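**Student:**
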Amino acid sequence: MNKLSTKIPKKPYPSPLIYLGAPLVLLFTRFSFNKIGFDWEKFKTNLDNRHIVTDPLFDPKWSWAIENTALPLIETIQIAILASLIGCFVALPISFFASKTTNPSIYTFALNKSFLNLIRTIPDLFWGMLFVAAVSQGPFAGVLALTMFSLAIMGKLLSETIDAIDPGPLEAARATGSSQQQTVFSSALPQVMPNFIAYFLYIFELCIRASVILGLVGAGGVGRIIETQRIFLRFDRISPIIVFILAIVIVIEQVSVYVRRKVL
Amino acid sequence: MKDIPKKPINQTITKFIISIVLIFLAIWSASGLEISLERLSKAPQLTWTLISALYPIDLSQEALDRIIPKVFESLYIAWTGTVIGAIFSFPIAFISAKNTSVSIKIPKFLTNKNYFIYSSQFMKQILNIVRAFPELLLAFVFLPITGLGALTGTLAIGIHSIGTLGKLSSEVIEGIDEGPLEAIKASGGSKSNELIFGVIPQVMPTIISYWLYRFEINLRASAVLGVIGAGGVGQELINQLRFRAFDRAGTVLVATIILVLSIDTVSGALRRRIIKGKSVTVEQN
Amino acid sequence: MIKFENVSVTYPGGVEALKNLNLEIKDGEFLIIVGLSGAGKSTLLRTTNGLVMPTEGEVHVDGQQITKSNKKELKQIRSRIGMIFQTFNLVNRTSVLKNVLTGRLHSVSVIRSTLGIWPQEDKNIAFKSLEQVEILEKAYVRASNLSGGQQQRVGIARALAQQPTVMLADEPVASLDPVTSRVVMKYLKKINEDLGITTIVNLHFLDLAKEFGERLIGLKDGELVYDGKISDVTDKDFQNIYGRDIKSSDFIGDDE
């Protein structure tokens, strides 16, 4: 029962990448951690300071908040609405150009795709800072910044969806002699419409959150108020604002889920 | 001749209503913000002015000495934050997933039947709460406590990552094929055998790809956190913009883009390789 | 020996999967169970190794009572019972060898198995099992890269690695083509004859049952309606077991 008649195959060696990679990762983690400068003693003393934050945090000043933040909150929402609408609709044509399925021309494809990849690398707040510098403070900068933000995300999501659609109907349309434009409109667009709507709602939610943050750098909305209050450590005024924002986000999330279910 | 079927009215009406609502919202927002089409049309021009001010970027030694270390700081913050997120979210994910959660039995005399409390029920809620707070907000709250600097950013990113990774990982665990687990049980294996030989091999590739994706996102977040002083390159950008040193701002932007692009590329390639699994092995036929 | 004494199984939803089943299976028997889906075949198999507990009655396996066994004893019983499944239940991303080694988990310490340091003896048992189903050369191939028939053979090897006294096969060939199905059935028969392992196979293809069976059990709505030699079975008996006329889908046919 001990001798095998067939030969045991050779055990394949795991690729050397793993042997290199694992210790590298560990070393780099250790290195990064050190660079961040974690001082346990300092951390402990700092932790005792938490009352500066936690005490006012749990003592919300509701009336102040309602009085002073109602309008800015509406402004925040308006920025998100405009930006997501403009950004997503502008992204539509660009996405079709950025997908091999619907764009036979290599040049415009490369152009659009690189454009999308590039704008994706810039964080939303950076856009905010740039546009504030360009068009001065205020909600206009916020709208422009979030438009780029929405464009970037919708562009990526939509172009990847277009990449994955069934090319069959497109071929059929071309075979009947329609132009590329007509083909895209009649055969590709309907296929991705449900996805577009779902992405739009998702991006709208993201824009609401981002719009709050953009206010930090002066791009309008309730963020500016939060920033000023923060500097004075008035967390008692900030906490009700956070609650309002959470409430808005939850409501929008519910609506979004409902609409998504209806559409898909 | 048969009647040509009428297009269902409902569909058209819904589409019509939705379009009207959207247009109304757009106009309401635009007027509320005092943004006219005229203003919008001026935007590209203004943006172009900005971009041309950014270029040529400042590549002087002085500028680079200031900016490059900050760029790397963002990298360290993002990496450490992701590592923290990965390490803590892993066990939490198992406790949160319905099929691997821990349970306590409520004794029979309190209720008629055997009643179990599952850890997954409240763990999921906890994760949802943690997830709801964006990194910036967390950094906000931590700043007075942990002070200016990279630590605050790392904590904020780390904790938020635990929330998102925890939720995503628990969903992966819930989605596995239970068949291999049954086979291990049938051959006399223990629960931990089932976990290690049945669950882990199925979930690891996807979970690791989530860690990498999180790293990509955290990199952007860490760049941003600098704006409120939580470390990283954001601080530099806002300073340069405030002092209207646009060429240096351009440097910061370019440096950030290069960092993000390179990490995205490497991470993306790694993720694809992991999901695909090792290419078909030596033995074929 | 396996003995079912007045075994009934009622699932929480109210479904009565087995009704008052009485059955005795001697060591070394090759038993085939036929019946419609939902007739109770899978349930019967799973009460043998305690994956499903009888709601009434008792199952005895080699002298031990399933319902009265604690966790540790159940594990011991299960380690002596090998099981193969319709969907193979292999861990797809792992190698064939690692899959077979999970059959040795009951005798290897947790630490060693988790770290992947398997004792040489267990590895040898795994290799031998792979050789018995003639698939040793694929030991390091990823399980999902194999064909259906090969995967089922790995499943058999995994069960063999347990060095079991009983082999349970739950619709082992339902997802395989006719030729491969016969190959798998031949292996099961061979193992039963060479190693004397008591084998219970659930099938829904009647021609396969006739080709490979010795003793045939028929289940209908959770009740035992037929128990006899395969040579004695008539088409009328099959109709009785199924409660309807026999259809062509009840035969796997030949691969033309």
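Protein chains in written order, with the numbering used here: chain C, 556 to 819; chain G, 3 to 287; chain H, 74 to 329.
Virtual Cβ for every residue (Gly too), placed ideally from N, Cα, C.
All values reported here derive from a predicted model rather than from experimental measurement.
Run through DSSP, which three-state label would residue 789(C) get?
**Tutor:** Looking at residue 789(C) - three-state DSSP - the assignment turns out to be coil, as it is neither helix nor strand.
**Student:** Along chain H, in chain order, which residues have C-beta atoms closer than 7 Å to that of residue 564(C)?
**Tutor:** Under the 7 Å cutoff, chain H gives 210, 212, 213.
**Student:** Skipping 5 residues on each side, what residues in its chain have a beta carbon closer than 8 Å to that of residue 127(H)?
**Tutor:** Closer than 8 Å at Cβ, skipping near neighbours: 80, 81, 82, 91, 120, 139, 140.
**Student:** Check each residue of the segment 193 to 210 of chain G: if its Cβ is closer than 9 Å to any Cβ of chain H, include it; give the result in chain order.
**Tutor:** Listed by position along the chain: 194, 195, 198, 199, 200, 203, 204, 206, 207.
**Student:** For residue 792(C) versus residue 620(C), is the C-beta distance shorter than 8 Å?
**Tutor:** The answer is yes: Cβ separation under 8 Å.
**Student:** Nearest CA to the CA of residue 603(C): which residue from 207(G), 194(G), 149(G), 52(G)?
**Tutor:** Closest by alpha carbon: 149(G).
**Student:** Assign residue 569(C) to one of two classes, buried (16 or more other C-beta atoms within 10 Å of its C-beta) or exposed (fewer than that).
**Tutor:** Looking at its Cβ environment, which holds fewer than 16 other Cβ atoms inside 10 Å, residue 569(C) is exposed.
**Student:** Are the CB atoms of residue 190(G) and residue 86(G) nearer to each other than 8 Å?
**Tutor:** Contact flag unset, no.
**Student:** Going by DSSP, what residue range makes up the alpha helix (DSSP H) through residue 185(H)?
**Tutor:** Its alpha helix (DSSP H) spans residues 183 to 188.
**Student:** Kindly say whether residue 878(C), judged by its beta-carbon, lies nearer than 8 Å to any beta-carbon of chain H.
**Tutor:** This structure gives no information on residue 878(C), because the portion of chain C shown stretches from 556 to 819.
**Student:** Tell me the DSSP secondary structure of residue 156(H) in three-state form.
**Tutor:** Reduced to three states, the DSSP call for residue 156(H) is strand.
**Student:** I believe residue 695(C) touches residue 41(G) by the beta-carbon criterion, under 8 Å. Please report the beta-carbon distance rounded to the nearest angstrom.
**Tutor:** Sure, about 7 Å apart at Cβ, within 8 Å.
**Student:** Would you decide whether residue 99(G) is buried or exposed? Buried here means 16 or more other CB atoms lie within 10 Å of its CB.
**Tutor:** Residue 99(G) comes out buried.
**Student:** With 16 other CB atoms within 10 Å as the buried threshold, where does residue 217(H) fall?
**Tutor:** With fewer than 16 other Cβ atoms within 10 Å, it is exposed.
**Student:** Bridge partners of residue 81(H), per DSSP?
**Tutor:** Looking at the DSSP assignment, residue 81(H) forms a beta bridge with 129(H).
**Student:** If we ignore side chains and look at the alpha-carbon of each, how far apart do residue 132(H) and residue 98(H) end up?
**Tutor:** Each residue's alpha carbon lies about 11 Å from the other.
**Student:** Can you give me the C-alpha to C-alpha distance between residue 268(H) and residue 230(H), rounded to a whole angstrom?
**Tutor:** Going by the C-alpha atoms only, they are around 13 Å apart.
**Student:** For a quick check, are the C-beta atoms of residue 169(H) and residue 212(H) less than 8 Å apart?
**Tutor:** Closer than 8 Å, so yes.
**Student:** Could you compute how far the alpha carbon of residue 326(H) sits from the alpha carbon of residue 303(H)?
**Tutor:** Their backbone Cα atoms lie some 18 Å apart in a straight line.
**Student:** Does any CB atom of chain H fall closer than 8 Å to the CB of residue 58(G)?
**Tutor:** No, because no Cβ of chain H sits closer than 8 Å to the Cβ of residue 58(G).
**Student:** Could you give the residue range of the beta strand (DSSP E) that holds residue 301(H)?
**Tutor:** 296 to 302 is the extent of the beta strand (DSSP E) around residue 301(H).
**Student:** When Cβ atoms are compared, which residues of the segment 133 to 153 of chain H fall closer than 9 Å to chain G?
**Tutor:** Listed by position, the residues of the segment 133 to 153 of chain H near chain G (Cβ gap below 9 Å) are 144, 147, 148, 149, 150, 151, 152, 153.
**Student:** Rounded to whole angstroms, how far is the Cβ of residue 157(H) from the Cβ of residue 245(H), which I believe are closer than 8 Å?
**Tutor:** The Cβ separation is near 5 Å, so the contact holds.
**Student:** Would you say residue 783(C) reaches chain G, if we count a Cβ-Cβ gap shorter than 8 Å as a contact?
**Tutor:** By this cut-off, residue 783(C) is not an interface position.
**Student:** In chain order, what residues of the same chain lie with their CB nearer than 7 Å to the CB of residue 654(C), ignoring the 5 residues before and after it?
**Tutor:** Excluding sequence neighbours, residue 654(C) sits near 714, 717, 718.
**Student:** If I follow the unbroken alpha helix (DSSP H) through residue 750(C), where does it start and stop?
**Tutor:** That run of the alpha helix (DSSP H) goes 744 to 769.
**Student:** Taking buried to mean at least 16 other C-beta atoms within 10 Å of its own C-beta, is residue 209(G) buried or exposed?
**Tutor:** Classification for residue 209(G): buried.
**Student:** Determine the contact status of residue 119(G) and residue 131(G), defining contact as a CB-CB distance below 8 Å.
**Tutor:** No.
**Student:** Helix, strand or coil for residue 281(G) per DSSP?
**Tutor:** The pLDDT assigned to residue 281(G) is 48, lower than 50, so where the model puts this residue is not dependable, and the model offers no usable value.
**Student:** What first and last residue would you give for the alpha helix (DSSP H) that runs through residue 143(G)?
**Tutor:** Here the alpha helix (DSSP H) through residue 143(G) covers 137 to 148.
**Student:** May I have a chain-ordered list of the beta strand (DSSP E) segments no shorter than 3 residues that lie completely inside the segment 177 to 250 of chain H?
**Tutor:** Counting only runs of 3 or more, we get 239 to 242.
**Student:** Distance cutoff 8 Å, beta carbons only. Does residue 151(G) sit that close to anything in chain C?
**Tutor:** Yes, residue 151(G) counts as interfacial toward chain C.
**Student:** Helix, strand or coil for residue 604(C)? Go by DSSP, reduced to three states.
**Tutor:** Of the three classes helix, strand and coil, the one that applies to residue 604(C) here is coil, per DSSP.
**Student:** If you measure beta-carbon to beta-carbon, which residues of the segment 177 to 207 of chain H are closer than 8 Å to chain G?
**Tutor:** Answer set for the segment 177 to 207 of chain H: 178, 179, 183, 186, 187.
**Student:** Using a Cβ-Cβ distance cut-off of 8 Å, determine whether residue 287(G) contacts chain C.
**Tutor:** Residue placement at residue 287(G) is flagged as unreliable, the pLDDT there being 29, under the threshold of 50; the coordinate-derived value follows with that caveat. No, residue 287(G) does not count as interfacial toward chain C.
**Student:** Assess, as a yes-or-no matter, whether the segment 200 to 214 of chain G is touched by the segment 175 to 188 of chain G under the definition of 3 or more beta carbon pairs within less than 8 Å.
**Tutor:** Yes, since at least three Cβ pairs between the segment 175 to 188 of chain G and the segment 200 to 214 of chain G fall closer than 8 Å, the two stretches touch.
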